[in-house]
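Residue numbers (the working numbering): -4 to 94. For glycine and all other residues, C-beta sits at the position ideal for the given N, C-alpha and C.
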């Protein structure tokens, strides 16, 4: 695996408009950038809070809203680096230059 490949994970509530917007941008970046990879996990609103709580506890993160986005330091299953939510992803996306 190339070191410069971005592997981002998106987890969000199925009814969250910010998750939907983040998904659209991530899909666009993945389609147009060869080294940009995403993995999306959509959770039902009934289980969202518990799922998020467990994920944050496992990774010692603090995050309260949908979506939560993190970068894996190794291929699938590696320790994650929390990026944040929708606003943080928008900021992060600015580093990817599209021609």
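Hey, is residue 75's beta-carbon within less than 8 Å of any beta-carbon in chain B?
The structure shown contains no chain B; it holds only a single protein chain.
Which of helix, strand or coil does DSSP assign to residue 3?
Here the question's residue 3 lines up with position 8 in the chain shown. Secondary structure at residue 3: strand, using DSSP grouped into helix, strand and coil.
According to the Cβ coordinates, are residue 8 and residue 65 closer than 8 Å?
Taking the chain shown and counting its residues from 1, the one referred to as residue 8 is at position 13. Taking the chain shown and counting its residues from 1, the one referred to as residue 65 is at position 70. Inclusion of residue 8 and residue 65 in the CB contact set at 8 Å is not warranted, their separation being larger than that value.
Work out the CA separation of residue 89 and residue 22 for me, nearest whole Å.
Reading the chain shown from its first residue, position 27 is the one you call residue 22. Reading the chain shown from its first residue, position 94 is the one you call residue 89. Residue 22 and residue 89: Cα-Cα distance of roughly 15 Å.
Rounded to whole angstroms, what is the Cα-Cα separation between residue 3 and residue 53?
By one-based count along the chain shown, residue 3 stands at place 8. By one-based count along the chain shown, residue 53 stands at place 58. Rounded to whole angstroms, residue 3 to residue 53 spans 18 Å at the Cα level.
May I ask you to report which of helix, strand or coil DSSP gives residue 95?
Outside the shown range of the chain, which is -4 to 94, sits residue 95, and nothing can be said about it.
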